[in-house]
Amino acid sequence: MFHKFKSYFTFLLKSTNEHGVHSPFVYNLVTQCFYADTNLALKSAFLKYKKELLWMDEKINITDFGAGSRCFKGNKRAISAIAKNAGISTKRAALLIRLVQYFKPKNLLELGTSLGLSTYCLHLGNPQTNIETLEGCLEIARIAINQLHKFGVKPTLNVGNFEETLPISLKNKTFDFIYIDGNHQKEATISYFEQCLKSVHNDSIIIFDDIHWSEEMGKAWEIIQKNPLVTVSIDTFQWGIIFFRKEQEKEHFIIRV
Ligand SMILES: C[S@@+](CC[C@H](N)C(=O)[O-])C[C@H]1O[C@@H](n2cnc3c(N)ncnc32)[C@H](O)[C@@H]1O
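Here it is as structure tokens:
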């Protein structure tokens, strides 16, 4: 926790808004997406999805594959508690919707479905996008797929440890948009990044959640942003966003969202 506070303080000192950005690609992204308004109907649709989960008191058995939770002890959790603590915040949900609206990806991959809150945002941003989403915990995946179907979303949901499902999902495919929100550990995050590299193209985007969650995650983010294939990297504190555009000079941005 201390690491997160320290990182946030550094972030506040170093971060900028659109005025500190000279790259037209990043300037447009910041002004037309990061700082744009979110369509109210889409935001209410997300809130409705979340509200339904917050009413579900049923307790389910959790299989934890990732870095574990700072909020929960034990393996039985109420669905409502998972939605409250592990799901995407409303502010980030709105940004995720806008990012998908802005980039209009054809093929999108998500690591860490949980109850489908972020999956639903990815769908809301562009209902035509093909979504493949990966989740390790069978019980959580069962709730997620029911809820997503109820809200008219039909993603491909692959259940299992990312170690097994990710290579299968990436095989012979390219993705325009990848959202990584599961297993916040250094080695795992770097490994997912390296595996994803063979399935991205010049205009792909990868978003890493919780890059300052721990010192380890901070180090993983540093290694990722320094990779020579990554040209643009943006630290928004909660998310690290990277691009591979060859026409762009390698540059790192720290931006308040
Ligand atoms: C923070 S939650 C995802 C939240 C979701 N993106 C949202 O905003 O609603 C992370 C999820 O990733 C899953 N996960 C973590 N590590 C995993 C692994 N190694 N393999 C498969 N699933 C994993 C967990 O079961 C958990 O449901």
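Start counting the sequence shown at 247; every next residue gets the next number (the numbering used here).
Ideal Cβ placement from N, Cα and C applies to all residues, glycine included.
Quiz item: Tell me the DSSP bridge mates of F454?
Solution: I426, G486
Self-check item: Outcome for H554 when other beta-carbon atoms lying within 10 angstroms are tallied against a minimum of 16
Solution: For residue 554 there is no data in the structure shown, the boundaries of the chain being 247 and 503.
Quiz item: So what's I501 in DSSP terms, helix, strand or just coil?
Solution: strand
Self-check item: Assigned secondary structure, N321 (DSSP; H/G/I helix, E/B strand, else coil)
Solution: coil
Exercise. Measure the CB-CB distance between N429 and F408 and report whether it falls below 8 Å.
Key: yes
Quiz item: Do you know whose CA, among R344, M302, I414, lies nearest C279's CA?
Solution: R344
Exercise. Return the chain-ordered ranges of every beta strand (DSSP E) run that is complete within the stretch 359-409 and spans a minimum of 3 residues.
Key: 376-381, 402-405
Self-check item: Any non-hydrogen atom of ligand 1 within 7 Å of C383 CB
Solution: yes
Practice problem: Using 10 angstroms around the beta-carbon of S479, count the other beta-carbons present and answer buried if the total reaches 16, otherwise exposed. | Solution: buried
Exercise. Using only alpha-carbon positions, find the residue among T402, Q374, T365, K400 that is nearest to D427.
Key: T365
Exercise. Could you tell me whether the stretch 406-426 touches the stretch 341-359, where touching means 3 or more Cβ pairs closer than 8 Å?
Key: yes
Quiz item: Is the beta carbon of K296 sitting closer than 8 Å to the one on L363?
Solution: yes
Quiz prompt | Cβ pair I377, P401 closer than 8 Å | solution = yes
Exercise. Counting only the same chain and skipping the five closest in sequence on each side, list residues whose C-beta sits under 7 Å from that of K305.
Key: K322, R323, A324
Practice problem: Rounded to whole angstroms, what's the CA-CA distance from T379 to N404? Just pull it up for me. | Solution: 6 Å
Quiz item: Helix or strand or just coil, what does DSSP make of L412?
Solution: helix
Quiz item: Which partner residues of I306 appear in the DSSP bridge assignment?
Solution: R323
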